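Going line by line, the protein sequences match chains B and A. When the letters of the first sequence are read in order and numbered with our numbering, they come out as residues 1 to 200. When the letters of the second sequence are read in order and numbered with our numbering, they come out as residues 201 to 400. For glycine and all other residues, C-beta sits at the position ideal for the given N, C-alpha and C. Keep in mind that this is a model prediction, so the values were computed, not measured.
Number of protein chains: 2
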Amino acid sequence: MQYFPPALEALVEQFARLPGVGTKSAQRLAFYVLSLTEDEAANFSHAITQAKKTIRCCPVCQNLTQGEGPCSICASSRRDSSTICVVAEPKDVIAMERSREYNGLYHVLHGVISPMNHVGPDDLHIKSLVERVSSGAVSEVIMATNPDTEGEATAMYLSRLLKPFQVKVTRLAYGIPVGSHLEFADDATLMRALEGRREM
Amino acid sequence: MQYFPPALEALVEQFARLPGVGTKSAQRLAFYVLSLTEDEAANFSHAITQAKKTIRCCPVCQNLTQGEGPCSICASSRRDSSTICVVAEPKDVIAMERSREYNGLYHVLHGVISPMNHVGPDDLHIKSLVERVSSGAVSEVIMATNPDTEGEATAMYLSRLLKPFQVKVTRLAYGIPVGSHLEFADDATLMRALEGRREM
């Protein structure tokens with residue numbers, strides 16, 4: 001039985017498709033939309049179609065961008081174009097940029113190799129990475145995939161793939177996170193932190 | 201600093217306004233929209249504007265409805281029009297309908313009296329309820345607001361307001377929920393269950 005009017009039912013259904021949103025939350029969100037003014041609802045609706053229409057991948061680094069040509073990072077002359085940082089997702093670029101420490105370029109794979117989810121190397125933007133590295137202008141590739149099994153495996157796969165091009169391939173350091181407590185660090189992290197210890 | 205393209209940033213912002221959605225969730229939802237096909241995104245966007253445009257309150261019971269005139273429940277000839285069930289929100293109508301036990305009409309207040317949130321009787325659809333009851337065709341009004349302080353106070357307020365019209369005003373029974381365990385029932389509920397005990 002259906003007791004919501006069809007248009008409301010349709011909106012609940014759309015919200016319920018979002019990841020992490022159940023039927024109850026979808027209803028709450030739909031009621032929220034009804035509580036908006038016409039203009040606010042129109043803005044929300046417009047933001048969805050606009051994002052979908054205008055956002056594309058940068059032809060160089062595959063990060064998300066808007067408008068024609070390469071993204072602002074690839075196009076910037078103040079960036080060190082001899083270094084490429086390889087990340088899994090566009091949001092990882094944001095995380096790296098937040099550190100304000102990195103000044104090179106990026107390459108976004110849009111996923112990691114994951115046989116369990118049927119994602120192989122051909123499903124990722126690996127070919128374009130190899131092309132960029134093979135052009136000869138790159139001296140270092142930093143693997144910044146997540147420190148989990150799939151991220152590790154992807155980094156390992158890429159480092160082997162890039163070896164023939166005589167390029168330096170590095171991996172982000174493992175260790176105890178800044179501001180954390182030793183007692184809460186897991187064994188694997190502590191082991192890696194010991195391994196990677198540096199002179200003071 | 202902003203590293204997402206403006207259209208994506210705008211979409212994240214829209215999602216972040218939804219109740220219970222933080223910045224991280226909003227980003228996840230925005231990325232989900234990008235992963236949709238053009239058609240799917242257009243449908244989502246359309247559902248928002250359509251719901252906002254076409255959903256209105258039934259002029260009789262104030263429940264949400266679509267199209268002209270009274271809602272399907274108010275318009276139905278199979279419903280017992282001498283009984284009105286007063287609920288706080290449209291979703292409470294759905295809960296009541298799910299029980300398949302009630303065959304009367306509804307009245308949706310769109311809120312409860314809540315001095316803490318600056319909601320007084322004038323902010324609710326109380327005047328139209330009084331008009332319906334004063335017409336004389338109603339023999340019973342069932343108060344089905346939530347069994348919390350504000351729902352209680354609203355039910356109490358309404359029952360006093362409707363007393364002059366010689367109408368029977370009832371309240372949903374309190375007691376232990378079906379399928380629950382006595383040991384987990386709170387004191388107040390057990391007390392009400394004892395008070396309301398019935399002969400077998």
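*Do you know whose CA, among B:Ser45, B:Ala41, B:Glu38, lies nearest Ala241 of chain A's CA?*
Closest option to Ala241 of chain A, Cα to Cα, is B:Ser45.
*Three-state secondary structure (DSSP) of Leu382 of chain A*: Here Leu382 of chain A sits in helix by DSSP.
*DSSP three-state call for Asp280 of chain A: helix, strand or coil?*
strand
_Met201 of chain A (DSSP reduced to helix, strand or coil)_ = In this predicted model, Met201 of chain A has a pLDDT of only 48, less than 50, meaning its place in the structure is not dependable enough to derive any value.
_Spatial distance of Leu190 of chain B from Ile176 of chain B (CA atoms)_ = 7 Å
*Would Val33 of chain B count as contacting chain A if we go by Cβ distances under 7 Å?*
yes
*Taking buried to mean at least 16 other C-beta atoms within 10 Å of its own C-beta, is Tyr374 of chain A buried or exposed?*
exposed
_Between Gln166 of chain B and chain A, is the shortest Cβ-Cβ distance under 7 Å, so that the two count as touching?_
no
*Are the C-beta of Pro174 of chain A and some C-beta of chain B separated by less than 7 Å?*
Any question about residue 174 of chain A goes unanswered here, given that chain A covers just 201 to 400.
*Taking Ala10 of chain B and Ala26 of chain B to be in contact with their CB atoms under 8 Å, please state how far apart those CB atoms are, rounded to whole angstroms.*
In fact, because the Cβ distance is near 11 Å, the residues do not count as touching under 8 Å.
*Tell me, please, whether the stretch 314-330 of chain A touches the stretch 292-301 of chain A by the rule of three or more beta-carbon pairs shorter than 8 Å.*
Touching, no, given that fewer than three Cβ pairs across the two stretches are closer than 8 Å.
*Where does Cys274 of chain A sit, in a helix, a strand or coil, going by DSSP?*
helix
*Closer than 7 Å by beta-carbon distance: list the chain B residues that pair up with Glu238 of chain A, in chain order.*
Lys52
_Judging by CA-CA distance, which residue of A:Glu350, A:Val287, A:Arg392 is the nearest neighbour of His310 of chain A?_
A:Val287
*Answer yes or no: does any C-beta atom of chain B fall closer than 7 Å to that of Ile248 of chain A?*
Yes, because at least one Cβ of chain B sits closer than 7 Å to the Cβ of Ile248 of chain A.
*Answer with buried or exposed for Leu105 of chain B, where buried requires no fewer than 16 other C-beta atoms within 10 angstroms of its C-beta.*
buried
*Would you decide whether Asp292 of chain A is buried or exposed? Buried here means 16 or more other CB atoms lie within 10 Å of its CB.*
buried
*Comparing alpha-carbon positions, which option in A:Ile313, A:Arg228, A:Thr265 lies nearest Leu18 of chain B?*
A:Arg228
*When you compare each of B:Ile142, B:Gly151, B:Pro6 to Pro115 of chain B by their alpha carbons, which one comes out closest?*
B:Gly151
*Look at the alpha carbon of Asp186 of chain B and the alpha carbon of Gly196 of chain B, and state the distance between them as a whole number of angstroms.*
16 Å
*Indicate whether the contact test is met: 3 or more Cβ pairs, each with one atom in the stretch 139-146 of chain B and one in the stretch 72-89 of chain B, closer than 8 Å.*
yes
*Measure the CB-CB distance between Ile55 of chain B and Gln66 of chain B and report whether it falls below 7 Å.*
Here Ile55 of chain B is near Gln66 of chain B, since their CB atoms are less than 7 Å apart.
_Here's the rule I'm using: 16 or more other beta-carbon atoms within 10 Å means buried, otherwise exposed. How should Glu399 of chain A be labelled?_
So Glu399 of chain A ends up on the exposed side.
*If we cut at 7 Å on Cβ distances, does Ala41 of chain B have a partner in chain A?*
yes
*Check each candidate in A:Leu358, A:Glu383, A:Leu236, A:Pro364 and name the one with the smallest Cα separation from Arg371 of chain A.*
A:Leu358
_chain B within 7 Å of Thr416 of chain A, Cβ atoms only_ = Not covered by the structure: residue 416 of chain A. The range shown for chain A is 201 to 400.
*chain A within 7 Å of Glu97 of chain B, Cβ atoms only*: Yes, Glu97 of chain B lies at the interface with chain A (some Cβ there is under 7 Å from its Cβ).
*Can you tell me the Cα-Cα spacing of Arg132 of chain B and Gln250 of chain A, whole angstroms?*
One C-alpha to the other measures close to 46 Å.
*Enumerated in chain order, which unbroken segments of the alpha helix (DSSP H) with a length of 4 residues or greater are wholly contained in the stretch 2-54 of chain B?*
6-16, 23-35, 38-54
*asked:* Do Ile248 of chain A and Val21 of chain B count as a contact pair if the criterion is CB distance below 7 Å?
replied: no
*Where are the beta strand (DSSP E) runs, 3 residues long or more, that stay fully inside the stretch 101-182 of chain B, in chain order?*
104-108, 140-143, 168-171
*For Val369 of chain A versus Leu362 of chain A, is the C-beta distance shorter than 7 Å?*
Cβ distance < 7 Å, so Val369 of chain A and Leu362 of chain A count as in contact.
*Tell me whether Val286 of chain A sits in a helix, a strand or coil according to DSSP, three-state version.*
strand
*Whose C-beta lies closer than 7 Å to the C-beta of Pro70 of chain B among residues of the same chain, with five residues either side of it excluded?*
Cys58, Pro59, Val60
*Give a yes or no on whether 7 Å exceeds the smallest Cβ distance from Pro59 of chain B to chain A.*
no
*Could you check if Phe4 of chain B is buried or exposed, using at least 16 other CB atoms within 10 Å of its CB as the buried criterion?*
buried
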